[in-house]
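Student: Have a look at this one.
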Amino acid sequence: MMRKRNAQRRAGHCHRDGFTLVELVLVVLVVGIIAAVASPRYSDAISRYRLETAAARVAADLRYARWYAKTKGTTQQVVFTPASHTYTLTGMSDINRPTQPFTVDLTATSSPVTIVSVSFGAGGTGSTLIFDMYGRPDYGGNVVVTTGGQQRTIVVDDVTGKGVSGTYKTWIASESQHKAVSLARQLMSEIQQQQYKDPDILGTLGIELPETSLDRSLWDDVDDYNGWSSTPEDKNGVAIPGYSGWTRAVTVAYANVASPQNTTASDEGLKKITVTVTDPSGRQTILVGYRSQWGALEKAPEADSTLQTWAGVSLQVGTGDVLDGGTAITNHAEDN
Numbered sequence: 001m002m003r004k005r006n007a008q009r010r011a012g013h014c015h016r017d018g019f020t021l022v023e024l025v026l027v028v029l030v031v032g033i034i035a036a037v038a039s040p041r042y043s044d045a046i047s048r049y050r051l052e053t054a055a056a057r058v059a060a061d062l063r064y065a066r067w068y069a070k071t072k073g074t075t076q077q078v079v080f081t082p083a084s085h086t087y088t089l090t091g092m093s094d095i096n097r098p099t100q101p102f103t104v105d106l107t108a109t110s111s112p113v114t115i116v117s118v119s120f121g122a123g124g125t126g127s128t129l130i131f132d133m134y135g136r137p138d139y140g141g142n143v144v145v146t147t148g149g150q151q152r153t154i155v156v157d158d159v160t161g162k163g164v165s166g167t168y169k170t171w172i173a174s175e176s177q178h179k180a181v182s183l184a185r186q187l188m189s190e191i192q193q194q195q196y197k198d199p200d201i202l203g204t205l206g207i208e209l210p211e212t213s214l215d216r217s218l219w220d221d222v223d224d225y226n227g228w229s230s231t232p233e234d235k236n237g238v239a240i241p242g243y244s245g246w247t248r249a250v251t252v253a254y255a256n257v258a259s260p261q262n263t264t265a266s267d268e269g270l271k272k273i274t275v276t277v278t279d280p281s282g283r284q285t286i287l288v289g290y291r292s293q294w295g296a297l298e299k300a301p302e303a304d305s306t307l308q309t310w311a312g313v314s315l316q317v318g319t320g321d322v323l324d325g326g327t328a329i330t331n332h333a334e335d336n
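For the sequence shown, the UniProt record's numbering gives the first residue as 1, with consecutive numbering after it.
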């Protein structure tokens, strides 16, 4: 009797640990739904990865061709063939296979994509990009690649010649912004080291005779810069290298002492200086500064002194872009 009851318990226990057909069907159904939802997202993720990888490869090869032209002091061509989804760095050997030409088949890489379009040359109708001995392109343009219904665009800047994919656009934008800020600060520093106003002329904003708008070296007070606009150049009119296509403009206005952000029609002892830098793409960077007539050294010293009013620096590595910066150390006034 005892054995029978134990057997019955064991049999009942096994029955309770099993799964019914309905339960199995429900599990399979849930797994199928999850797979159906996740599969397209996984496919999209793979496509995005392939696009980013391929676009980064094209951008890196364009930068390599640019570097090669600058290093060797020669021209370098990159020829795209959209029909076969390939491009060639003419006259160069493959980095991994030195005996083979530098030709890349985008459909045969670990991240296969196809070329949708190539736009270089006059009118954007060409498929060949040429870098000169300074790494500058003959024209800007772009290459569009696709896979899985998604696209990425590799853009070549028509001034610097740098090729960027979506992955690198932030880096290039940051570089451009730094250059714009450097240009704005350099000019702002130059303006702020001038005297507040010409002691011989009252109530005017702008240059005074014998000053001329063509010779900035003659300007000696802040408001001489009002309305001035030019390509980047130093105070003596010498162009600043590396800024082709850039412009700088200045406005000077009387500022309200109580609310400096507001301008006034009359002089209250404070001037608002606005420097606007425009890059080749039309993007603007604006820097605002103020100059007062109550600066620590606005009054001339009792004895002749040599004052350092501005410190600047220019930095260039090899034939790369020139970075300029500087700052006005303190206000300064001419001896009376």
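For glycine and all other residues, C-beta sits at the position ideal for the given N, C-alpha and C.
Please report the distance separating the alpha-carbon of ASN236 from that of ALA184.
Tutor: The residue labelled residue 236 in the question sits at position 236 within the sequence shown. The residue labelled residue 184 in the question sits at position 184 within the sequence shown. ASN236 and ALA184: Cα-Cα distance of roughly 17 Å.
Student: For the ligand GTP, any of its heavy atoms closer than 7 Å to the Cβ of THR128?
Tutor: Within the structure as shown, the ligand GTP is missing, as the structure has no ligands at all.
Student: Could you say which of GLN100, VAL250 and VAL118 lies nearest to GLY140 if we only look at CA atoms?
Tutor: As a position in the sequence shown, residue 140 is number 140, starting the count at 1. Of the listed residues, the one whose Cα sits closest to GLY140 is VAL118.
Student: Take THR74 and list the residues in its own chain whose beta-carbon comes closer than 7 Å to its own, dropping the five residues that flank it on each side.
Tutor: As a working note, residue 74 is residue 74 in the sequence shown. Cβ neighbours of THR74 beyond the five flanking positions: MET133.
Student: Work out the CA separation of LEU21 and THR107 for me, nearest whole Å.
Tutor: Numbered from its first residue, the sequence shown carries residue 107 at position 107. Numbered from its first residue, the sequence shown carries residue 21 at position 21. If I take the Cα positions, the gap works out to 48 Å.
Student: May I ask you to report which of helix, strand or coil DSSP gives GLN195?
Tutor: Here residue 195 corresponds to residue number 195 of the sequence shown, with the count starting at 1. In the structure shown, GLN195 sits in a strand (DSSP, three-state: E or B).
Student: Using only alpha-carbon positions, find the residue among MET188, ASN96, VAL79 and ILE95 that is nearest to LEU89.
Tutor: Within the sequence shown, residue 89 is the residue found at index 89, counting from 1. Measuring from the Cα of LEU89, the nearest candidate turns out to be VAL79.
Student: Just the C-alpha distance for GLY269 and GLU208, rounded to the nearest angstrom, thanks.
Tutor: The count along the sequence shown starts at 1 and reaches residue 269 at position 269. The count along the sequence shown starts at 1 and reaches residue 208 at position 208. Distance between the alpha carbons of GLY269 and GLU208 is about 19 Å.
Student: GLY227 by DSSP, collapsed to three states: which one?
Tutor: Here residue 227 is taken as the residue at index 227 of the sequence shown, counted from 1. Reduced to three states, the DSSP call for GLY227 is coil.
Student: Just to confirm the assignment, what range does the beta strand (DSSP E) spanning GLY289 have?
Tutor: Taking the first residue of the sequence shown as 1, we reach residue 289 at position 289. Counting along the chain, GLY289 sits inside the beta strand (DSSP E) bounded by residues 284-292.
Student: With a cut-off of 8 Å on the beta carbons, I'd call GLY245 and PRO280 a contact; round off their distance for me.
Tutor: Within the sequence shown, the letter at position 245 stands for residue 245. Within the sequence shown, the letter at position 280 stands for residue 280. Right, their Cβ atoms sit about 3 Å apart.
Student: On a CA-only basis, which of VAL144, VAL28 and ARG97 is nearest LEU51? Give me that one, please.
Tutor: Residue 51 sits at position 51 when you count from the first residue of the sequence shown. Minimum Cα distance to LEU51 is reached at VAL144.
Student: Quick check: the stretch 212-219 against the stretch 271-285, are at least 3 beta-carbon pairs closer than 8 Å?
Tutor: no
Student: Between PHE19, PRO98, VAL113 and ALA255, which lies nearest to SER84 when the distance is taken from Cα to Cα?
Tutor: Counting from one through the sequence shown, the residue named residue 84 turns up at place 84. Residue VAL113 is the option with its Cα nearest to SER84.
Student: Would you tell me roughly how many angstroms separate the C-alpha atoms of VAL31 and THR86, rounded to the nearest one?
Tutor: Looking up residue 31 in the sequence shown gives position 31. Looking up residue 86 in the sequence shown gives position 86. Whole-angstrom Cα-Cα distance: 42 Å.
Student: Please go through the same chain and pick out, in chain order, the residues whose beta-carbon is closer than 6 Å to the beta-carbon of ASP223, but skip the five residues on each side of it.
Tutor: On the sequence shown, position 223 is the one that residue 223 refers to. Hits under 6 Å: LEU205 and VAL252.
Student: Keeping to the same chain, check which residues put their C-beta closer than 7 Å to that of THR146; ignore five residues upstream and five downstream.
Tutor: For the purposes of this step, residue 146 is taken as residue 146 along the sequence shown, with counting starting at 1. Same-chain partners within the cutoff: VAL113, THR114 and VAL116.
Student: Whose C-alpha, out of TRP294, GLN186, TYR64 and LEU287, is nearest the C-alpha of VAL257?
Tutor: By 1-based counting over the sequence shown, the position of residue 257 is 257. Closest by alpha carbon: TRP294.
Student: Do you know offhand how far SER47's Cα is from PRO101's?
Tutor: The residue labelled residue 47 in the question sits at position 47 within the sequence shown. The residue labelled residue 101 in the question sits at position 101 within the sequence shown. Approximately 29 Å between the Cα atoms of the pair.
Student: I'd like to check one pair, ASP221 with TYR254: are the Cβ atoms closer than 8 Å?
Tutor: Within the sequence shown, numbered from 1, the residue matching residue 254 stands at position 254. Within the sequence shown, numbered from 1, the residue matching residue 221 stands at position 221. No.
Student: Relative to the C-alpha of residue 338, which residue among LYS179, GLY124, GLY135 and GLY289 is closest?
Tutor: Any property of residue 338 remains undetermined from this structure, which presents the chain solely from 1 to 336.
Student: Quick one: is PHE120 buried, meaning 16 or more other Cβ sit within 10 Å of its Cβ, or exposed?
Tutor: As a working mapping, residue 120 is identified with position 120 in the sequence shown. PHE120 is buried by the Cβ-count criterion.
Student: Can you give me the C-alpha to C-alpha distance between ILE130 and TRP228, rounded to a whole angstrom?
Tutor: Against the sequence shown, residue 130 aligns to sequence position 130. Against the sequence shown, residue 228 aligns to sequence position 228. About 36 Å.
Student: In whole angstroms, what is the alpha-carbon distance linking ALA180 and GLN151?
Tutor: Here residue 180 is taken as the residue at index 180 of the sequence shown, counted from 1. Here residue 151 is taken as the residue at index 151 of the sequence shown, counted from 1. Those two C-alpha atoms are separated by around 31 Å.
Student: Are there 16 or more other CB atoms within 10 angstroms of the CB of TYR225, so buried, or fewer, so exposed?
Tutor: Your numbering for residue 225 matches position 225 in the sequence shown. With 16 or more other Cβ atoms within 10 Å, it is buried.
Student: If we require 3 or more residues per run, which beta strand (DSSP E) segments fall completely within the UniProt domain "General secretion pathway GspH" (54-157)?
Tutor: 76-81, 86-93, 101-105, 114-119, 128-131, 141-147 and 150-156
Student: Mark PHE19 as exposed unless 16 or more other C-beta atoms lie within 10 angstroms of its C-beta, in which case mark it buried.
Tutor: Position 19 of the sequence shown, counted from the start, is the residue given in the question as residue 19. That one is exposed.
Student: From the DSSP output, which residues share a beta bridge with LYS271?
Tutor: The residue labelled residue 271 in the question sits at position 271 within the sequence shown. Bridge partners of LYS271: TYR254 and ARG291.
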